[in-house]
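Below you'll find the structure, written out as structure tokens, and then a few comments.
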Amino acid sequence: MGDSQYSFSLTTFSPSGKLVQIEHALTAVGSGQTSLGIKAANGVVIATEKKLPSILVDESSVQKIQTLTPNIGVVYSGMGPDFRVLVRKSWKQAEQYHRLYKEPIPVTQLVREIAAVMQEFTQSGGVRPFGVSLLVAGFDDNGPQLYQVDPSGSYFSWKASAMGKNVSNAKTFLEKRYTDDMELDDAVHTSILTLKEGFEGQISGKNIEIGIIGADKQFRVLTPAEIEDYLAEVE
Amino acid sequence: MEFKMAQAAAEVPPKGGFSFDLCRRNEMLSNKGVPPPSFRKTGTTIVGLIFQDGVILGADTRATEGPIVCDKNCEKIHYMAPNIYCCGAGTAADTKAVTDMVSSQLQLHRYHTGRESRVVTALTLLKYHLFNYQGYFQAALVLGGVDANGPHLHTIYPHGSTDTLPLATMGSGSLAAMAVFESKYHEGLTKAEGINLVCEAICSGIFNDLGIGSNVDVCVITKGHKEYLRNHQLPNPRTYVNSKGFSFPKKTEVLLTRVTPLEEKVEVIEGGDAMEE
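Here's what the structure looks like:
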């Protein structure tokens, strides 16, 4: 893979037992825009800031939350182009699973496959780890699920989680606000309030993105108009 | 590194295309008198027509294995995309495999582009695949759907050529069905007229060809909407079934009992002499 000079793996262990490249990848994630996810009793919500580099950028062309299958969606913190690559691989994995087993891929299976891809890139020659952490939200026969996948390839199931710039404040806020019997609408309100905590400037339907999946098992991204409605309810 | 790669290249089988390795073996077997295995075919009539609001596809439901009907109610109208369906005639495995594969590819394409699939995309994917296999993939298809450019109807032949027509028929009953179409089709059919015409065409196949039979499936595709009418007509119901059902005895019946005592032919020796040496 590549020139023989670069065929060694860039992720080699340091004397202290750490993989320094992965630590740096996590730093890249930590300086990305805040994103969060909340698992409610009857659904899951994921949300992220959508701060664009300039007011001249057409914000309708940027979509940070993507649909992987009709019942699984994903959001990220970190490097956008790396996210695109992972989304394309996930689409293909999900479709291959469906072709072989004639059933929609369960959320845990898809998470495992994405995590395996991310791990591959920490143990191959001439490549670097992905600079993104993902929040995968899905609803299948095992109910609503929320998973976080890190650049190292490790994944965790969360009731509520946050990543990116404001992570410690956001997580503290979520810990206080989270209840096990939350409904999906409450979860959307909580996620808006959490984003508002660390938001610089005026929050609106155009600079945040929210994706929800309910008992109908259909993942969808809310339109700016719908987000404005929720924002009005919160204030 | 290079030595390993050369070795790997020698071991990797050729990618794609048909592997003709077993043809020699098959020839040898048939020379020795071994009959080739029969495969399940869909004798079939499949039809499609364009009406004023979209496309109507129709198919029969009989699958044959030689002279035997192996499936009285199989599905020949395959899903390709929410707005595109494809009827398949020929070898059942081939039609199912190729439509499944292209349906998968169309789904990935929809994720990449964020748009509804177009009928020409499905057409091109199918056509290239069939051409690559030089006709060995025995699938004759009628592809129909409604997309951003309007309603489309195509026929695809096993060797990879295609036609674009307002009315199409394929399969062993295609002549019977086309005869019905040619005499009754006109532009601007309504949905009810279209469905009737499609059913008539399939029925002409059902009643006049042995490879076609059982029921009629219809699929109506319009802009933003589709109706899959499975078993829309059942012109071959089972009749003369005994309404009382069948009664079988609950256990093996005893018809005759005769006891025959065995005659003793063995002499039993008294005493222990026999076992002593």
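Just so you know, the sequences run in chain order A and B. Going by this note's numbering, the first residue of the first sequence is number 187, and it counts up by one from there. Going by this note's numbering, the first residue of the second sequence is number 711, and it counts up by one from there. Backbone N, C-alpha and C define an ideal beta-carbon position, used for all residues, glycine too.
So, are the CB atoms of residue i and residue j less than 8 Å apart?
i: Gly854 (chain B); j: Pro868 (chain B); result: no
i: Phe761 (chain B); j: Gly904 (chain B); result: yes
i: Pro330 (chain A); j: Val230 (chain A); result: yes
i: Lys237 (chain A); j: Val248 (chain A); result: no
i: Leu907 (chain B); j: Leu899 (chain B); result: yes
i: Leu320 (chain A); j: Tyr262 (chain A); result: yes
i: Ala401 (chain A); j: Asn228 (chain A); result: yes
i: Asn736 (chain B); j: Pro745 (chain B); result: no
i: Val852 (chain B); j: Ala878 (chain B); result: yes
i: Thr774 (chain B); j: Gly800 (chain B); result: no
i: Asp268 (chain A); j: Phe316 (chain A); result: yes
i: Leu370 (chain A); j: Ala233 (chain A); result: no
i: Phe728 (chain B); j: Tyr843 (chain B); result: yes
i: Leu408 (chain A); j: Ile398 (chain A); result: yes
i: Thr932 (chain B); j: Asp763 (chain B); result: yes
i: Pro337 (chain A); j: Leu212 (chain A); result: yes
How long is the line joining the alpha carbons of residue i and residue j, rounded to whole angstroms?
i: Ile912 (chain B); j: Pro792 (chain B); result: 24 Å
i: Met880 (chain B); j: Lys403 (chain A); result: 39 Å
i: Asp731 (chain B); j: Met738 (chain B); result: 13 Å
i: Arg298 (chain A); j: Ala887 (chain B); result: 51 Å
i: Gly223 (chain A); j: Gln815 (chain B); result: 31 Å
i: Phe841 (chain B); j: Thr872 (chain B); result: 11 Å
i: Gly339 (chain A); j: Pro410 (chain A); result: 33 Å
i: Pro256 (chain A); j: Leu833 (chain B); result: 25 Å
i: Lys782 (chain B); j: Arg772 (chain B); result: 5 Å
i: Ala850 (chain B); j: Val830 (chain B); result: 17 Å
i: Ala442 (chain A); j: Val260 (chain A); result: Here chain A comprises residues numbered 187 to 421, so residue 442 (chain A) is not present and cannot be evaluated.
i: Cys784 (chain B); j: Leu767 (chain B); result: 16 Å
i: Asp810 (chain B); j: Lys351 (chain A); result: 44 Å
i: Glu910 (chain B); j: Val928 (chain B); result: 12 Å
i: Glu414 (chain A); j: Thr755 (chain B); result: 55 Å
i: His942 (chain B); j: Asn925 (chain B); result: 8 Å
i: Gly883 (chain B); j: Asp770 (chain B); result: 10 Å
i: Val353 (chain A); j: Ile396 (chain A); result: 17 Å
i: Glu826 (chain B); j: Asn741 (chain B); result: 52 Å
i: Val978 (chain B); j: Leu972 (chain B); result: 16 Å
i: Gly311 (chain A); j: Gln207 (chain A); result: 13 Å
i: Met711 (chain B); j: Phe199 (chain A); result: Note on Met711 (chain B): pLDDT 43, under 50, position unreliable in the model; no value is reported.
i: Asp857 (chain B); j: Val930 (chain B); result: 14 Å
i: Met304 (chain A); j: Asp327 (chain A); result: 26 Å
i: Met187 (chain A); j: Phe194 (chain A); result: With a pLDDT of 44 at Met187 (chain A), under the threshold of 50, the predicted position of this residue should be treated as unreliable, though the coordinate-derived value follows. Answer to the nearest angstrom: the Cα atoms are 10 Å apart.
Taking 8 Å as the threshold (beta carbon to beta carbon), is residue i in contact with chain B?
i: Arg285 (chain A); result: yes
i: Lys225 (chain A); result: no
i: Glu281 (chain A); result: yes
i: Trp277 (chain A); result: yes
In three-state DSSP terms, what is residue i?
i: His896 (chain B); result: coil
i: Phe956 (chain B); result: coil
i: Phe316 (chain A); result: coil
i: Pro941 (chain B); result: Reading off the sequence, residue 941 (chain B) comes out as Asn, not Pro. Reduced to three states, the DSSP call for Asn941 (chain B) is strand.
i: Pro330 (chain A); result: strand
i: Ala226 (chain A); result: strand
i: Lys357 (chain A); result: helix
i: Leu286 (chain A); result: helix
i: Ile778 (chain B); result: strand
i: Tyr950 (chain B); result: coil
i: Asp731 (chain B); result: helix
i: Asp927 (chain B); result: strand
i: Glu432 (chain A); result: The displayed coordinates of chain A run from 187 to 421. Any statement about residue 432 (chain A) would go beyond what the structure contains.
i: Leu966 (chain B); result: coil
i: Ser343 (chain A); result: strand
i: Asp763 (chain B); result: coil
i: Lys786 (chain B); result: coil
Could one say the Cβ of residue i lies closer than 8 Å to chain A's Cβ atoms, at least one of them?
i: Tyr938 (chain B); result: no
i: Asp804 (chain B); result: no
i: Leu816 (chain B); result: no
i: Asn795 (chain B); result: Note that residue 795 (chain B) is Tyr in the sequence shown, not Asn. So no, Tyr795 (chain B) is outside the interface.
i: Tyr821 (chain B); result: yes
i: Asp810 (chain B); result: yes
Could you confirm whether any beta carbon from chain E is found closer than 8 Å to the beta carbon of residue i?
i: Gly764 (chain B); result: Of the protein chains in this structure, namely A and B, none is chain E.
Runs of 3 residues minimum, wholly inside the region 817 to 901 of chain B: which ones carry the beta strand (DSSP E) assignment? 849 to 857, 860 to 866, 872 to 874, 877 to 880
Sequence ranges, beta strand (DSSP E) only - wholly within the region 195 to 269 of chain A, length at least 3: 221 to 226, 229 to 235, 252 to 255, 258 to 264
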